[in-house]
Amino acid sequence: MSPSILVRAATHTDWPRIRALCCLTGDNGNPIEESRWESFGEKWIAPYETLLPEWAFVAETEGKIVGYLTGCPNSAAFRESARPRFSLPQLAVEERFAAATRARLDREFPAHLHVNLEAPARGAGIGKMLLDAFVARLRAVKTPGLHVFCGAEPLAYYLKNGFRELDRLETKLGVFAHAMVKNLEP
Ligand SMILES: CC(C)(COP(=O)(O)OP(=O)(O)OC[C@H]1O[C@@H](n2cnc3c(N)ncnc32)[C@H](O)[C@@H]1OP(=O)(O)O)[C@@H](O)C(=O)NCCC(=O)NCCS
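First residue of the sequence shown? That's 128 in my numbering, and the numbers climb one at a time after it.
Pasting the structure below:
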């Protein structure tokens with residue numbers, strides 16, 4: 128029998144494991160070098176841990192956290208509140224998209240997320256469960272839509288979960304960053 132999976136809101140004791148999972152998946156789903164763990168976790172996780180802990184979810188099997196989702200309902204407000212203390216790493220890609228695309232993301236798809244599972248937990252529906260939990264919270268506060276920036280690997284996951292591509296950017300020859308969006312309006 129496959130182990131049962133619990134998806135729940137993150138609590139304050141979960142954050143060290145969330146940081147570890149971020150580093151175990153930080154290189155396109157593969158681990159980053161151990162020497163970079165501290166700064167990488169700080170860069171990608173600290174803004175969410177500090178400013179939006181109530182918007183994070185974890186997936187647990189047999190008492191072990193195997194995946195997480197960090198996110199926010201309003202990216203423009205998040206950028207503003209993060210600015211004095213954090214330099215958000217995702218802005219390096221985000222700011223290269225056309226101004227018209229960025230304006231649409233802020234207006235029509237204001238929420239965003241990051242989701243990562245450790246390798247053995249992938250392909251069993253856990254990513255979908257985390258996303259569903261996040262989307263349910265977003266619907267409860269009447270967010271019109273959400274977006275995510277991703278590379279080629281997780282594209283199929285987002286497409287299967289109701290996202291479509293709004294725009295794409297060639298970050299280097301033949302390598303694309305995709306701006307994926309999902310409408311939440313009834
Ligand atoms: C991307 C990720 C979060 C998806 O979670 P998951 O639990 O593996 O995905 P699910 O099992 O919920 O898959 C949902 C659907 O997407 C499909 N899917 C998921 N990942 C896929 C992939 N890499 N390629 C093709 N299809 C994929 C599944 O087939 C499934 O469709 P089905 O229900 O018809 O079978 C997870 O694989 C992961 O952490 N990957 C490495 C890190 C990463 O890429 N994170 C996203 C950064 S933007």
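All residues carry an ideal CB built from backbone N, CA and C; glycine is no exception.
- request: Return the chain-ordered list of same chain residues with a C-beta closer than 6 Å to the C-beta of Ile159, the five sequence neighbours on each side being excluded.
  value: Cys150, Gly153 and Phe167
- request: Can you tell me which of the three DSSP states Arg295 falls into?
  value: strand
- request: Can you tell me which of Ser202, Ser208, Arg212 and Pro211 puts its alpha carbon nearest to the alpha carbon of Glu221?
  value: Ser202
task: Since I believe Glu245 is in contact with Leu148 (beta carbons under 8 Å), could you give me their beta-carbon distance rounded to a whole number of angstroms?
output: 6 Å
Cα-Cα separation between Ala306 and Asp294, rounded to whole angstroms: 5 Å
message: ligand 1 and Ala251: does the residue's C-beta get closer than 7 Å to at least one heavy atom of that ligand?
response: yes
- prompt: How long is the line joining the alpha carbons of Ser129 and Met256, rounded to whole angstroms?
  reply: 16 Å
query: Is it true that the region 132 to 145 meets the region 252 to 269, where meeting means three or more beta-carbon pairs spaced less than 8 Å apart?
result: yes
- request: Give the secondary structure of Leu218 by DSSP, where H, G and I count as helix, E and B as strand, and everything else as coil.
  value: helix
field: Where the beta strand (DSSP E) through Ala186 begins and ends
entry: Phe184 to Thr188
- prompt: So the beta strand (DSSP E) Ala283 belongs to, where does it begin and stop?
  reply: Here Ala283 belongs to no beta strand (DSSP E); instead the alpha helix (DSSP H) covers Leu282 to Lys287.
- prompt: Are the CB atoms of Ala304 and Phe276 nearer to each other than 8 Å?
  reply: yes
- prompt: Shortest alpha-carbon distance to Val242 belongs to which of Leu215, Glu235 and Phe261?
  reply: Phe261
- prompt: Comparing the CB of Cys277 with every heavy atom of ligand 1, is any distance shorter than 7 Å?
  reply: yes
Residue burial classification, His239 (beta-carbon count within 10 angstroms, cutoff 16): buried
field: Secondary structure of Arg223, DSSP reduced to three states
entry: coil
Gly198 burial status per 10 Å Cβ neighbour count (16 or more: buried): buried
- prompt: Is Ala209 closer than 8 Å to Pro72 when the C-beta atoms are compared?
  reply: Nothing about residue 72 can be reported from this structure: the residues present for the chain run from 128 to 313 only.
- prompt: Once you ignore the five residues that flank Thr188 on each side, which residues in its own chain have a CB closer than 6 Å to its CB?
  reply: Pro130 and Ile132
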